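Going by this note's numbering, the letters in the sequence shown line up with residues 330 to 720, in that order.
Think of the CB as a built atom: it goes at the ideal place given N, C-alpha and C, for glycine as much as any other residue.
Just so we're clear, the structure is a prediction, and the values are computed from it rather than from any experiment.
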Amino acid sequence: MNVLQVSPSPSYPPTSGGDHRTHGIVKSIPGTGDTVIRYAQRVPPSALFDGSYKQAVEIEKDYKEIRNVSFIENTSRILGIFKLPSSTLLQFYLRFNPTDTLTSLVQWADIIIVEGPWQVQSIVEMTNDVPVLYSSHNVEFKHYNHLNSGITKPLFKWVYRQEKNAVQMSDGIICVSERDLTQYRETWAIDSNTFIAPNAVYEDDLMMPSDQKNVARPDGVPENQTTCLFVGTDRAQNEQAARTLVNLAPSFDGHLHIVIAGSVGKNFSTTPSNVTTTGFVDALYPYYHHADIALNPVTTGAGTNIKLLEYFANRVPVVSTPFGVRGYDVEDGYHVTVTSDSELLESAVELSRSGKQQKQQIEAGFEFVKTQTWSNVSANLLSEIRSVFGV
330 MNVLQVSPSP
340 SYPPTSGGDH
350 RTHGIVKSIP
360 GTGDTVIRYA
370 QRVPPSALFD
380 GSYKQAVEIE
390 KDYKEIRNVS
400 FIENTSRILG
410 IFKLPSSTLL
420 QFYLRFNPTD
430 TLTSLVQWAD
440 IIIVEGPWQV
450 QSIVEMTNDV
460 PVLYSSHNVE
470 FKHYNHLNSG
480 ITKPLFKWVY
490 RQEKNAVQMS
500 DGIICVSERD
510 LTQYRETWAI
520 DSNTFIAPNA
530 VYEDDLMMPS
540 DQKNVARPDG
550 VPENQTTCLF
560 VGTDRAQNEQ
570 AARTLVNLAP
580 SFDGHLHIVI
590 AGSVGKNFST
600 TPSNVTTTGF
610 VDALYPYYHH
620 ADIALNPVTT
630 GAGTNIKLLE
640 YFANRVPVVS
650 TPFGVRGYDV
660 EDGYHVTVTS
670 DSELLESAVE
680 LSRSGKQQKQ
690 QIEAGFEFVK
700 TQTWSNVSAN
710 LLSEIRSVFG
720 V
């Protein structure tokens, strides 16, 4: 089987949750006699002027990523400067100027998986006989609901229309959770095949107790206070979550030290004395290793929250909002402590005082995440696709 995966941008090596999902859902396909080629419609702006940037990457046998190094497609990133969904413009480029490479790949493919709704309609219009699957990362119109007013309302309507077309024009929909699929069904009529491929982690990310030793303490992580970790990239929902922690932190000075790791930290020029922001870091493991408690204060967004799985995989007990555990079959007090965002740090203090409860959550969370690996998710998805489409 020849699988063409179409994505807005390169996903290898994965550096974000979206990249990991794009890479993860096809992870088990190479090596089974099948081939995966991912076509990335645009590249990072720096690649346009980098003569050494690779336009094709052999990830492993029978799995490669082809990158379209084009200045025209990268003009779509203008919207991203204003934290608006720049990928919404990509279908125009596909419709009016598809590359010869993409056209050939569409003809080569037995199955096409399109990551996100932005390119689905154009890909569907390029083929009459190859099944096109819409791979949803989020319910996008929910994710961008903050645009649904004022001067950005037309952009929200455009997001809504593109997602509706992706849901209704594709031959199948791959969702992160039953929750997302239910939202689609409640919003639009669906007359196509549906698949659930939950977010996951890699087997290599599962941290065994024997691995947890001799790791240097990162700067800004104190030894004499309970360290609470929040990890997030620079996205609106993460900024809102981090701001909640920054606002709550002063009341817990002397009891908790909050570490905000990841690019979301660049949104804070000043923080309380018991808050450390790192900005982007190459390796998160030292922060996981030296964290006493992981925090998941998110209250907005869509899809499921992969942070929860990453915390579990790194054997850190978690305090989360109800929204942060949405879509996962986890139990409050067993796998995770669930509380409101306003009481998150108070619950962290209580958890820090109970070694027994911490151990319970660490072990239960780790057992849960062992069943949520990309190899398993990808293999199950591949089996279902073969069964439905006979490829």
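Apart from the five residues on each side of it in sequence, which residues of its chain come closer than 8 Å, Cβ to Cβ, to residue i?
{"i": "I714", "result": "I440, L462, G501, F524 and V720"}
{"i": "L510", "result": "I502, C504, T523 and I525"}
{"i": "D582", "result": "P601, S602 and N603"}
{"i": "A545", "result": "P615"}
{"i": "V355", "result": "V332, Q334, V365, R367, Y392, I442 and S707"}
{"i": "Q701", "result": "P527, N528, A529, V530 and L638"}
{"i": "R508", "result": "T633, R655 and G656"}
{"i": "S499", "result": "V443, V449, V453, V461, L462, Y463 and S521"}
{"i": "Q554", "result": "G583, H584, L585, H586 and N603"}
{"i": "D534", "result": "E639, A642 and N643"}
{"i": "L577", "result": "S671, L673 and L674"}
Quick one: residues in its chain with C-beta nearer than 6 Å to the C-beta of residue i, no 5 flanking neighbours on either side, listed in chain order?
{"i": "T668", "result": "S676"}
{"i": "T404", "result": "none"}
{"i": "E568", "result": "V593 and N596"}
{"i": "T628", "result": "T650, F652 and D670"}
{"i": "A620", "result": "T556, L558 and V645"}
{"i": "E389", "result": "P359"}
{"i": "R291", "result": "No information on residue 291 is available, as it lies outside the stretch 330 to 720 that the chain covers here."}
I need the boundaries of the beta strand (DSSP E) containing residue i, first residue and last residue.
{"i": "A612", "result": "It is not in any beta strand (DSSP E) - A612 carries neither H nor E in the DSSP assignment."}
{"i": "S464", "result": "V461 to S464"}
{"i": "V386", "result": "A385 to E389"}
Going by beta carbon distance, what residues of the same chain come within less than 7 Å of residue i, once the five residues before and after it are set aside?
{"i": "G608", "result": "S592, G594 and K595"}
{"i": "M536", "result": "A642, N643 and R644"}
{"i": "G409", "result": "S415"}
{"i": "Q687", "result": "P646 and L680"}
{"i": "E532", "result": "T702 and S704"}
{"i": "G353", "result": "A529, W703, V706 and S707"}
{"i": "T516", "result": "none"}
{"i": "Q436", "result": "none"}
Specify, as a first and last residue, the run of the alpha helix (DSSP H) that residue i falls within.
{"i": "F597", "result": "Counting along the chain, F597 falls outside any alpha helix (DSSP H), and DSSP gives it neither H nor E."}
{"i": "E660", "result": "Where E660 is concerned, there is no enclosing alpha helix (DSSP H), given that its DSSP letter is neither H nor E."}
{"i": "T633", "result": "Taken as a continuous stretch (DSSP letters only), T633 belongs to no alpha helix (DSSP H), as it is neither H nor E."}
{"i": "V575", "result": "A565 to L577"}
{"i": "N705", "result": "W703 to F718"}
{"i": "E378", "result": "Looking at the sequence provided, one finds Phe at residue 378 rather than Glu. F378 -> no alpha helix (DSSP H), and no H or E assigned at all."}
{"i": "D348", "result": "G346 to G353"}
{"i": "G656", "result": "Here G656 belongs to no alpha helix (DSSP H), and DSSP marks it neither H nor E."}
{"i": "L673", "result": "L673 to S681"}
{"i": "Y382", "result": "Looking at the DSSP string, Y382 is not in any alpha helix (DSSP H), and its letter there is neither H nor E."}
{"i": "G694", "result": "G684 to V698"}
{"i": "L423", "result": "L419 to F425"}
{"i": "F470", "result": "E469 to H472"}
{"i": "W437", "result": "D429 to W437"}
{"i": "D509", "result": "E507 to T516"}
{"i": "G409", "result": "I407 to I410"}
Please name the residue or residues paired with residue i in a DSSP beta bridge.
{"i": "T555", "result": "L585"}
{"i": "E444", "result": "S464"}
{"i": "N522", "result": "G501"}
{"i": "L624", "result": "V648"}
{"i": "P369", "result": "First, the amino acid is wrong: residue 369 is Ala here, not Pro. DSSP lists S336 and R396 as partners of A369."}
{"i": "P359", "result": "D363"}
{"i": "G591", "result": "G608"}
{"i": "N331", "result": "T364"}
{"i": "T456", "result": "Paired residues: none, contrary to the question."}
{"i": "T666", "result": "V648"}
{"i": "V560", "result": "A590"}
{"i": "V530", "result": "T702"}
Do residue j and residue i come within 8 Å of each other at the CB atom, strictly closer than that value?
{"i": "P551", "j": "Y616", "result": "no"}
{"i": "L476", "j": "L333", "result": "no"}
{"i": "G656", "j": "S506", "result": "yes"}
{"i": "L423", "j": "S451", "result": "yes"}
{"i": "T351", "j": "S336", "result": "yes"}
{"i": "V678", "j": "V665", "result": "no"}
{"i": "V648", "j": "L673", "result": "yes"}
{"i": "Q512", "j": "V449", "result": "no"}
{"i": "V560", "j": "K636", "result": "yes"}
{"i": "L419", "j": "Q384", "result": "no"}
{"i": "S357", "j": "L711", "result": "yes"}
{"i": "V386", "j": "Y341", "result": "yes"}
{"i": "E394", "j": "P339", "result": "yes"}
{"i": "V488", "j": "Y473", "result": "yes"}
{"i": "G684", "j": "T605", "result": "no"}
{"i": "V610", "j": "A590", "result": "yes"}
{"i": "L431", "j": "F400", "result": "no"}
{"i": "F695", "j": "V659", "result": "no"}
{"i": "Q497", "j": "T417", "result": "no"}
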